[in-house]
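First residue of the sequence shown: 40, per the working numbering; consecutive thereafter. Where a beta carbon is used, it is the ideal one built from N, C-alpha and C, also for glycine. This one's a predicted model, so the numbers in the text were calculated from it and none came from an experiment. Have a look at the structure below before the remarks.
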Amino acid sequence: MFGGEAIGKVQAPARLVDALLREAGVAGSWSYRGVASAGRVNTTTAIETGSGRWFAVRVYGWPFGGEPRFDRRAKEVAWSTRLAAAGVPVARFLAVADVDAETDAEIDVEGAPASPAPPVSGALVEWIDGELLGTVAAREPREDLTDAWRGAGAALRTAHGVDPGVVGEGFLSADGLVAFDEGTFAAWIVHRTAAHARRLHGTGDGVLDPARVEALAPALEARLGRAPSGLGHGDSNPWNALIARDGTGGWAFRAWLDWEFAWVADPAYDHVRASVQRYADIGPTPDSWWEGYGGRPEPVAFAAHTIHYALWKAEERLDGLDSPETRLAARLLPSLPARLDRLAAALAS
């Protein structure tokens with residue numbers, strides 16, 4: 040489950056690990072084995088017990104301001120069970136726990152008692168040996184990852200076939216749906232694409248005329264509204280796909296990780312994440328991905344979602360988020376006018 044070089048190196052607090060192991064009924068000593076992955080939102084720490092068992096400790100963060108609209112941890116616990124029952128390879132969640140945050144600050148800058156830090160929220164997850172597909176592809180570009188990509192595509196197809204059990208479109212929660220403010224996924228994509236284009240207008244990344252984007256909005260929303268809708272991963276980039284050596288020197292797919300943003304939407308969006316979302320330049324998604332999935336998404340939807348993704352990441356750069364992901368996404372910007380031309384022609388046909 041290791042993802043190579045982590046963005047952060049802060050291990051899960053020992054008190055949280057102790058609480059999670061107690062909750063799971065795992066007795067005895069344990070030790071840290073490293074930070075398996077650390078991103079902008081969450082951190083996963085590897086631990087080993089005295090009996091030799093390994094676990095992943097997932098610590099949940101929220102760097103976006105405001106309050107989350109649903110309990111992401113409860114959602115992952117519930118959906119890991121449902122997805123596994125449907126034959127989707129995922130990691131099982133074994134226990135959850137919260138502990139008070141450790142802090143040395145007792146007085147704030149104005150001399151008043153400091154506000155208590157929010158509790159540290161964590162989960163104990165089964166350990167699956169392997170590495171992240173994106174990490175391996177970046178580190179070993181000459182490795183044959185054909186079967187790993189094919190397996191990842193096939194597993195995503197299985198996930199897309201799972202009945203979400205809700206009416207409407209939006210983000211899934213542990214027991215229901217948090218609907219998009221705009222009502223539908225098509226409206227959500229079109230509204231946000233236009234908003235990103237307006238915000239970027241006049242900046243170095245303002246490659247699209249927002250008036251033209253808004254002029255296409257009614258026809259695009261109508262077209263996207265006819266797209267299929269179902270369970271989607273929502274963050275299906277190659278760094279959420281776990282792979283491992285298959286015993287013959289090749290690589291096999293093991294599991295899809297990180298379902299905290301799973302939603303009910305157009306499955307084509309998951310293909311955009313798999314194809315253009317990158318934390319390192321690993322080249323294009325190979326044909327074996329599409330072979331494993333069983334086909335390619337509808338071209339208009341794929342084009343619209345790609346434009347949305349590129350503009351979204353450009354706006355994050357505008358807000359000061361300079362990361363490998365935003366820098367690599369910026370490579371898409373020069374192509375957006377031509378992509379929009381093709382999208383307009385397709386909508387007019």
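Distance check for residue j and residue i, CA to CA, integer angstroms please.
i: glutamate 179; j: alanine 283; result: 13 angstroms
i: valine 315; j: glycine 67; result: 44 angstroms
i: tryptophan 69; j: glutamate 87; result: 5 angstroms
i: aspartate 365; j: aspartate 309; result: Strictly speaking, residue 365 in this sequence is threonine, with aspartate absent from that position. Rounded to whole angstroms, threonine 365 to aspartate 309 spans 18 angstroms at the Cα level.
i: aspartate 274; j: histidine 347; result: 14 angstroms
i: leucine 357; j: alanine 369; result: 11 angstroms
i: leucine 247; j: valine 49; result: 40 angstroms
i: serine 76; j: glycine 288; result: 25 angstroms
i: alanine 304; j: threonine 223; result: 8 angstroms
i: phenylalanine 132; j: threonine 232; result: 35 angstroms
i: isoleucine 167; j: isoleucine 228; result: 35 angstroms
i: threonine 324; j: glycine 64; result: 42 angstroms
i: tryptophan 139; j: threonine 84; result: At residue 139 the sequence reads aspartate, which differs from the tryptophan that was named. Computed Cα separation, rounded: 18 angstroms.
i: glycine 241; j: proline 158; result: 42 angstroms
i: phenylalanine 219; j: proline 128; result: 28 angstroms
i: alanine 198; j: histidine 272; result: 8 angstroms
i: alanine 377; j: valine 252; result: 13 angstroms
i: aspartate 143; j: aspartate 57; result: Low per-residue confidence applies at aspartate 143: pLDDT is 45, beneath 50, and the placement is therefore not dependable enough to give any value.
i: valine 80; j: alanine 113; result: 16 angstroms
i: aspartate 297; j: proline 373; result: 31 angstroms
i: glycine 104; j: alanine 319; result: 27 angstroms
i: alanine 256; j: serine 119; result: 36 angstroms
i: alanine 254; j: alanine 385; result: 14 angstroms
i: leucine 239; j: leucine 379; result: 16 angstroms
i: isoleucine 146; j: glutamate 106; result: Model confidence at isoleucine 146 stands at a pLDDT of 48, short of 50, so the residue's coordinates are unreliable and nothing is read from them.
i: leucine 163; j: leucine 259; result: 43 angstroms
i: threonine 174; j: glycine 334; result: 25 angstroms
i: leucine 122; j: tryptophan 328; result: 20 angstroms
i: tryptophan 351; j: glycine 89; result: 46 angstroms
i: asparagine 279; j: glycine 215; result: 24 angstroms
One question on the structure: do residue i and residue j come within less than 7 angstroms of each other, judged by their Cβ atoms?
i: histidine 235; j: glutamate 221; result: no
i: leucine 172; j: alanine 187; result: yes
i: valine 98; j: glycine 161; result: yes
i: leucine 184; j: tryptophan 290; result: yes
i: valine 206; j: leucine 270; result: no
i: alanine 134; j: leucine 59; result: yes
i: glycine 264; j: alanine 225; result: yes
i: alanine 343; j: aspartate 244; result: no
i: leucine 371; j: alanine 387; result: no
i: arginine 108; j: valine 217; result: yes
i: glutamate 165; j: alanine 130; result: yes
i: arginine 317; j: leucine 367; result: yes
i: glycine 322; j: arginine 189; result: no
Buried or exposed for residue i, please, with buried defined as at least 16 other CB atoms from any protein chain shown within 10 angstroms of its CB.
i: arginine 111; result: buried
i: tryptophan 101; result: exposed
i: glycine 126; result: exposed
i: alanine 82; result: Reading the sequence as shown, one finds threonine at residue 82 and not alanine. It counts as buried.
i: glutamate 208; result: buried
i: leucine 360; result: exposed
i: alanine 95; result: buried
i: aspartate 326; result: exposed
i: proline 203; result: buried
i: glycine 91; result: exposed
i: phenylalanine 292; result: buried
i: leucine 375; result: buried
i: glutamate 299; result: buried
i: glycine 78; result: buried
Assuming residue i and residue j form a contact by the criterion Cβ under 8 angstroms, report the distance between their Cβ atoms to the nearest whole angstrom.
i: glutamate 115; j: proline 52; result: Not quite, the Cβ-Cβ distance comes to about 20 angstroms (not below 8 angstroms), so this is no contact.
i: proline 267; j: proline 306; result: 6 angstroms
i: proline 249; j: arginine 237; result: 4 angstroms
i: alanine 117; j: alanine 213; result: 4 angstroms
i: leucine 281; j: alanine 294; result: 5 angstroms
i: valine 72; j: tryptophan 93; result: Note that residue 72 corresponds to arginine in the displayed sequence, not to valine. Yes, arginine 72 and tryptophan 93 are in contact; Cβ-Cβ is about 7 angstroms, under 8 angstroms.
Quick check: does the Cβ of residue i come within less than 6 angstroms of any heavy atom belonging to the ligand GDP?
i: histidine 199; result: Looking for the ligand GDP in the displayed structure turns up nothing, as the structure carries no ligands at all.
Segment contact flag, the segment 179-193 with the segment 334-344, C-beta cutoff 8 angstroms, min 3 pairs: Short answer: they don't touch.
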